[in-house]
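Peer 1: Residue numbers (the working numbering), protein chains in the order written: chain A, 6 to 443; chain B, 6 to 443; chain C, 441 to 821; chain D, 441 to 821. Glycine included, every Cβ here is placed at the ideal spot set by N, Cα and C.
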Amino acid sequence: MRERGGVSDTDNQPDDGRDDGPGNEPRAASGTAPDGPPAAGGPLDAAELRRRVADLVAAHDPTTMTSVEFLGHRFDAGLAWVHFPVGCGGLGASRALQQVVEDALIAAGAKVVSAYRNPIGLGMGAPTIVAHGDAESRARLLRPLWTGEEVWCQLFSEPGAGSDLAGLATRAMRDGDGDWIVTGQKVWTSLAHKARWAMLLARTDPDLPKHQGLTYFFLDMTSPGVEVRPLRQATGQAEFNEVFLTDVRVPDAHRAGEVGQGWAVSNTTLMNERVAIGGGAAPREANAIGAVARMWRDRPELRTPGLHDRLLRAWVECEVARLGNERIRQQLAVGAPGPEGSAAKIAYARLNQDVTRLWLELTGEEGLGYDEWTMRRSDMGQATLGARAPGYYYLRAKGNSIEGGTSEVLRNVIADRVLDLPREPRTDTKVAWKEMPR
Amino acid sequence: MRERGGVSDTDNQPDDGRDDGPGNEPRAASGTAPDGPPAAGGPLDAAELRRRVADLVAAHDPTTMTSVEFLGHRFDAGLAWVHFPVGCGGLGASRALQQVVEDALIAAGAKVVSAYRNPIGLGMGAPTIVAHGDAESRARLLRPLWTGEEVWCQLFSEPGAGSDLAGLATRAMRDGDGDWIVTGQKVWTSLAHKARWAMLLARTDPDLPKHQGLTYFFLDMTSPGVEVRPLRQATGQAEFNEVFLTDVRVPDAHRAGEVGQGWAVSNTTLMNERVAIGGGAAPREANAIGAVARMWRDRPELRTPGLHDRLLRAWVECEVARLGNERIRQQLAVGAPGPEGSAAKIAYARLNQDVTRLWLELTGEEGLGYDEWTMRRSDMGQATLGARAPGYYYLRAKGNSIEGGTSEVLRNVIADRVLDLPREPRTDTKVAWKEMPR
Amino acid sequence: MSEPTIPSLLYGEIEEELRATLRELLRDRCGWHDVLARIDTDEAYDEGLWKAVAAELGLAGLLIPEEFGGAGAGPREVAVALEELGRAVAPVPFLASAVLATSALLACPAGAARDTALRALAEGTRTATLAVTATTWPEAGFPLSVTGAWEDGELSLTGAVTGVLAVDRAELLVLPVIVAGEPHLALVAGDAANLARGAVTSLDATRPVGQVTLDQVRARVLAGPEHAERALGHAVRYGAALLASEQLGVAEQALAEAVGYLKVRHQFGRPIGSFQALRHRAADLWSDLASARAAARYAAACLAEDSPDAAVATALAQAYCSEVAVRTAEECVQMHGGIGFTWEHPAHLYLKRAMASALLLGTADRHRATLGALVDLPPAI
Amino acid sequence: MSEPTIPSLLYGEIEEELRATLRELLRDRCGWHDVLARIDTDEAYDEGLWKAVAAELGLAGLLIPEEFGGAGAGPREVAVALEELGRAVAPVPFLASAVLATSALLACPAGAARDTALRALAEGTRTATLAVTATTWPEAGFPLSVTGAWEDGELSLTGAVTGVLAVDRAELLVLPVIVAGEPHLALVAGDAANLARGAVTSLDATRPVGQVTLDQVRARVLAGPEHAERALGHAVRYGAALLASEQLGVAEQALAEAVGYLKVRHQFGRPIGSFQALRHRAADLWSDLASARAAARYAAACLAEDSPDAAVATALAQAYCSEVAVRTAEECVQMHGGIGFTWEHPAHLYLKRAMASALLLGTADRHRATLGALVDLPPAI
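Structure, rendered in structure tokens:
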């Protein structure tokens, strides 16, 4: 939960973008611009890409091999992320052409890779590797990340560093031969129990102010000293993990970006998380409001006048939020991204909380029950609607205003970046990290 | 509005009670302890007081004279405020015996003085004069204050000093002969247009931190240089005034408390305002909820299911607030005052705003109308229910969360004094007033 | 439940141009000091401004086809105009004339009376109103308070309507009447004989309501039983859908005022906008506005393409935007503290416009009930 | 509307003593770690704690007159006990046995079955429940799901009830049944032949519900048609009124946890409790609690003096306190951030208790509807 929380929180540190230079750099650099040579062949337009997809499918019939094998061939053909450089699974083409490839592959009968197996690697790991990894890291890491053979997770948040990610305490110290020895505790880590690699943010200089003493690493999760424990939530499920790092050795070659530039590098990761939050317009009555509306329609005996008013209010809010998201999507499509994403995230959390509570109240007696408290692992995210008892969704929704940036932090983002309101006095950005009260 | 606002705000300055010594002193001193000699005669118990009332009425038949005349005799008999010292309209008796006097006077057929004519003088002026005025001031000021011959107002708030009353800018400078020359602008002053005297807080030393450079005066409102202008509100009415002070001369004899002790003295005034907020338990459906409930009952054609739910919610909130106030009253009665007063004030403001809005929505078409925009003076407070159009009450209610301490300041009071939450960092209490950004 | 593809919720180039032109005009000629000063006069409307808006910019004819001299634009453009007029709390009878009366006329069958009226409105030489109680909502029944009778081949009307927008100002009244038990729409001249009218003191003095009384007043028929009910419902729905954009404009201005004040007002040695509680509330208001904009745009877009979802979109926009406008205007007062409660500050102008608008053309509550029926969420029995 | 003088809303000396004793016991034997550990076991109730509370402290008999071995106390004392039990989220069947079943028995006419049961409950040697679906509300109709027949002079019951508090734990079940078309209350032994019962996995694992199925189960009559309906309504109203005090206790503990965390948790170099947005929210919760305390106290006091306002007081307390408890527990999670969402933190215990309690004995919504009828605020037609 805080894993993604940490991510966005950081991105959103009210003052970080201003007072602390590094904060804004990756935003400007935007990480993933093509930097490889243009591929041989014709101009990289849609027709050329369709031709390459046709060549790929002709050479490697997806129906005769495993998904992993085909994805490997796709990577080698530069058709994984077309805007990545050649050799990194891309062609240095325009990002807008990616959809052409996806469509052509579907038309050719090739299954499109699901983000489910390796969502963090695909969404955040890959852009960071391309932007900040050295040639060796790119060559080693990107292909198995893409095929899903190597799952990634993110080691940012800590018990003492949630909204204030830059205050993290995990310590990386150089040893005699230039490697790094890492010790600390990370938390809210999705998929850590399946991950081969992690994006790790650690403190390399506690004498500097908190944003300046951080360094970013790619961590091999099979290294000695890495221990992953499930973290059980109020729902009974364990969606996340705690990760304990005890004298874990990380080669300096696995450092991403310069020493002390970890905050800037992490912003590449975070920015890409934020982009991933978008997507197509959901249909009306998607999410929990649909479940409540169906229950209202199907079970007239549960209806009361007071709940009717609440249902209608909730329906209005949900539908307006849906239109708001669609408007954001339309703005992005014409290249005019607004800051409404943070507002949408706040609204989603609040609405999902209100609606799942309404659901439980409408459910009445059955709402007193639950399906299962036994701790079970969940790979990522909340259960699909209908899979569990209403109580589960009520409890799970409580996390929505915490994970991926607390609603409080997001309000600060809007106040700072949109409304340009004066900042709160801050006491934590100029002092050495080790002097900071905690 | 801010006039009372300023009052409570000050009382409630989060840090003032801690960082700035003077803030707490008058609270401890509590101002009005008897300091005159005990009156001659028997022990000052209820029987004795009843006897004195009987003597008073026998000597001065209230049915044969004006109210002012009788009040004068009552003052002279020490039966105005029995807990005040002898000579100050009191007998140095226990405060709890005041009710005995009131009851005995009613039983004797004497009209009890209404606070309406001089509420600020009676509620806040008198305790301040007794606690901080010199003998001459007491002798000169208390009797006509009590009889209502001299109305009082309070010159605390300023355009630039609302919630932050201690930041006020009105300047008092000593001239050659020891008098003070006062220049500045005050605002939100009820009754200034009728007042003979004012409680004035002014800055005597801008080089000190803001709480330390204030001094308190009794100001003769007929002095040259005092100009009173009505302040019109959103309702169209002018309940308050602006008061402009231009080189107004105030004799040093009219200073209350020491130079630089104005903040402490003002706390006597403010504390007494807070006490006055109490009172008896209101009946059910007092306030605006009663008007809405009656409209609901009397005009079934206006009812809708959605408004029904809102009405019931509002009714619950109002009734619970009423019980909450009653509980506060009961606590005070057994001498265990709690900090619930601030919460009650916040709740009242919010509820009155919600309920008057509901009233307007229920009213429908007639709610589009208004009774009168012409600027009219109002002596004090909002119009009684039923006297004006619903729209008036809707508009007037907006002031409830501002006057007498904004809801924001009162939340700080609760956070500080009740929950003992850590304070916000402050930057304004240690620097010279003149250096403070504004 | 019909659920068409969502149309564009953005502002097109022409809409942005229209906005820029109108905003400039309003900045020059309709500052809040002007609006405030007018309230203390007997002239509710700024006639010069109305002439500039209606005739010179041609906004009165936005909805009117070019064949009648109009701009042949549509509800999306009207919505943008309303946003700007709302922002300025402009004292002009745009909603009554260019939206309500115009859309009613457009929904009536062609005919001499209608066509002449449309031409006059498009020119900006005449102002009209829809003579219904302004709190009516799209699904309310046809009004029964005015009846008509045929006398010597002429329609004669008797009755009264209260709470009518711009009734004292309008040269033309589009009036729902009952003739021989059947609904009709009639056209009446504002200065007709035996017609009495006047404004009442109104909560929103920048847009007062008034009443009209008719005692055998001569009228012309605009629509008979086969069209009248539909035309009236169409006009009220059009008005409700577009009013959401005006509410959006009011809310935007109220928030802009509040945020501006939060930046400059200092207390406790800091700008008050640096206090987190106020920052968060301002952020929430901004978020609400983003949603309101989407809802208002969707309603206008659905009208523009005559979407089957137009009724849902209208009810949705009203249910949401009217509450956002009131909440934002209320917070604008609160964030200003005492000064926001004075007559000499514009906050009360936004508050009164927002609150009065929340009562117009169906409260949020009415529109939620409508939605319940439209999207199959019926009440409890 | 009846409006009696408001009774004392404060806590009396005896009540404070009771609170101190119980709080000490709960602090020693019912820390949240204990409660949490129990959820992962098969034993829903802490039998040792229940014995201490019910028998040793004698709280099971608070409502029971001394003639039956009870404490002869009243609802005010029960309310205080519930505050403390709620604070501790104590896994004991107090509400089911000492409140619901006991008040039902007390409302039945004297008789051997009843009197014996009361004595056993007062001793703390038996636990009872009122076998109704726990979401029922005071004005709900008499349940029809169990019917009784006379066979050889003995009452035999058949049917089922779901969602019953403590049903798997209780030795005695007070059961509303229909005999010959008429309402009765019957007493059934938990271990009676042909009776099956069991708990279900519950949202609030510290107070699970379960079902009971009866197939010709032998029973004794507690109340016939002349008393049964009133006795059942009395018990449910008693339970609802006093549940408000438990909800108050849950909310108090949730706020205390949250405030404690706000003081120690540092982010951005400051305790998070110094951030104004959180300070204000905590202050608002505290204010709500002050009101909830008044409402809960009023309900208990009205029961204690058999006030004509008891029905209003009950509906009011439930309508208010159940929402305050949920809101406070939700904010407790939120103010803790991630840690508050973990299993190893008590916040979810308060949240689950608060939310499940909000469904018990009538939702806030039901109670508001009841109030509407009681105070003459009828629904729209």
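1) Would you say A:A239 reaches chain D, if we count a Cβ-Cβ gap shorter than 8 Å as a contact?
2) Check B:F222 in the structure and name its three-state DSSP category.
3) Within 10 angstroms of its Cβ, does D:G679 collect 16 or more other Cβ (buried), or is it exposed?
4) In chain C, which residues lie with their C-beta within 8 Å of the C-beta of D:H852?
5) How many angstroms separate the CA atom of B:E331 from the CA atom of B:E345?
6) Quick one: is D:D749 buried, meaning 16 or more other Cβ sit within 10 Å of its Cβ, or exposed?
7) Which residue wins for smallest C-alpha separation from B:L4, given the options B:E154, B:T220, B:P132?
8) Can you pull the chain C neighbours of B:S406, defined as C-beta to C-beta under 7 Å?
9) Nearest to C:L497 by CA position, among C:L476, C:G526, C:P505, C:E464, is which residue?
10) Taking only the alpha-carbon atoms, compute the straight-line gap between B:R289 and D:A739 and give it to the nearest angstrom.
11) Can you tell which of B:G167, B:Q358, B:P427 has the C-alpha that lies nearest to the C-alpha of D:S714?
12) Quick one: is C:I454 buried, meaning 16 or more other Cβ sit within 10 Å of its Cβ, or exposed?
13) So, is the C-beta of C:S797 closer than 8 Å to a C-beta in chain A?
14) Any Cβ of chain A within less than 8 Å of the Cβ of C:S685?
15) Any beta carbon from chain A within less than 8 Å of C:P819's own beta carbon?
16) Provide the residue(s) that pair with B:W185 in DSSP beta bridges, ordered along the chain.
17) Just reading off the beta strand (DSSP E) that C:T768 is part of, what are its end residues?
18) Could you tell me which of A:A101, A:W320, A:A197, A:E232 sits nearest to C:V815, measuring between CA atoms?
19) Confirm, please, whether the CB-CB distance from B:V58 to B:A101 is below 8 Å.
20) Is it buried or exposed for B:M70, if we count other Cβ within 10 angstroms and need 16 for buried?
21) List, in order along the chain, the chain A residues whose C-beta lies closer than 7 Å to that of D:T602?
22) Note down, in chain order, every chain C residue with its Cβ under 7 Å from the Cβ of B:M441.
23) List, in chain order, every chain D residue whose beta-carbon is nearer than 9 Å to that of A:S168.
24) Please check if any C-beta of chain B sits within less than 8 Å of the C-beta of C:W783.
25) Taking the alpha helix (DSSP H) that A:I111 belongs to, which residues open and close that run?
26) Do D:P533 and D:T569 have their C-beta atoms closer together than 8 Å?
27) Any chance the segment 236-253 of chain A sits against the segment 184-202 of chain A, with 3 or more Cβ pairs inside 8 Å?
28) Would you call the segment 402-419 of chain A in contact with the segment 149-163 of chain A, where contact means no fewer than 3 C-beta pairs closer than 8 Å?
29) Kindly indicate which three-state DSSP category D:H667 falls into: helix, strand or coil?
30) Determine whether the Cβ of B:A420 lies closer than 8 Å to any Cβ atom of chain D.
31) Sort out for me which residues DSSP pairs D:R660 with in a bridge.
32) In chain A, which residues lie less than 9 Å from B:T432 when you measure between Cβ atoms?
33) Between A:R315 and the ligand GTP, is the CB less than 7 Å from at least one heavy atom?
34) Alpha helix (DSSP H) containing C:L466: first to last residue?
35) Between which residues of its own chain and C:G489 is the CB-CB distance below 7 Å, once the five residues before and five after are set aside?
36) So, is D:D728 buried or exposed, given that buried needs 16 or more other C-beta atoms within 10 angstroms?
Peer 2: In terms of the structure at hand:
1) For A:A239, the answer is yes, since a Cβ of chain D falls inside 8 Å of its Cβ.
2) Here B:F222 carries a strand assignment [DSSP, helix/strand/coil].
3) Classification of D:G679: buried, given that the 10 Å Cβ count is 16 or more.
4) Residue 852 of chain D lies beyond the residue range present for chain D, which begins at 441 and ends at 821; the question has no answer from this structure.
5) Between B:E331 and B:E345, the C-alpha separation is close to 11 Å.
6) With 16 or more Cβ atoms within 10 Å of its Cβ, D:D749 is classed as buried.
7) The requested residue 4 of chain B is not part of the displayed model; chain B covers only 6 to 443.
8) Within 7 Å Cβ-Cβ: Q774.
9) Of the candidates C:L476, C:G526, C:P505, C:E464, the one whose C-alpha sits nearest the C-alpha of C:L497 is C:E464.
10) When only Cα atoms are considered, B:R289 and D:A739 end up about 15 Å apart.
11) Comparing Cα positions, the closest option is B:P427.
12) C:I454 should be labelled exposed.
13) Chain A, which has no Cβ nearer than 8 Å to the Cβ of C:S797, makes this no.
14) By this cut-off, C:S685 is not an interface position.
15) Interface residue, yes.
16) DSSP lists B:R179, B:V255 as partners of B:W185.
17) Per DSSP, C:T768 belongs to no beta strand (DSSP E); it is in the alpha helix (DSSP H), 750-776.
18) Taking C:V815 as reference, the option from A:A101, A:W320, A:A197, A:E232 with the minimal CA-CA separation is A:W320.
19) One thing to note: B:A101 has its Cβ no nearer than 8 Å to the Cβ of B:V58.
20) Its Cβ having fewer than 16 others within 10 Å, B:M70 is exposed.
21) E370, listed in chain order.
22) By Cβ distance, chain C contributes G709.
23) Result: Q707, F708, I712, G777.
24) At least one C-beta of chain B is nearer than 8 Å to the C-beta of C:W783.
25) Annotation: the continuous alpha helix (DSSP H) that includes A:I111 extends over 103-112.
26) Contact: yes.
27) In short, these stretches touch, since the Cβ pair count reaches three.
28) Verdict: no, contact absent.
29) D:H667: coil per DSSP, three-state reduction.
30) With 8 Å as the cut-off, B:A420 counts as an interface residue toward chain D.
31) According to DSSP, D:R660 bridges with D:L627.
32) In chain order: P430.
33) Because no ligand of any kind appears in the structure shown, any question about the ligand GTP cannot be addressed here.
34) Here the alpha helix (DSSP H) through C:L466 covers 453-469.
35) With the sequence shown as reference, residue 489 of chain C is identified as Leu, and Gly is not the correct amino acid for it. R469, C470, A530, V532, listed in sequence order.
36) Residue burial annotation: D:D728 is buried, with at least 16 other C-beta atoms found within 10 angstroms of its C-beta.
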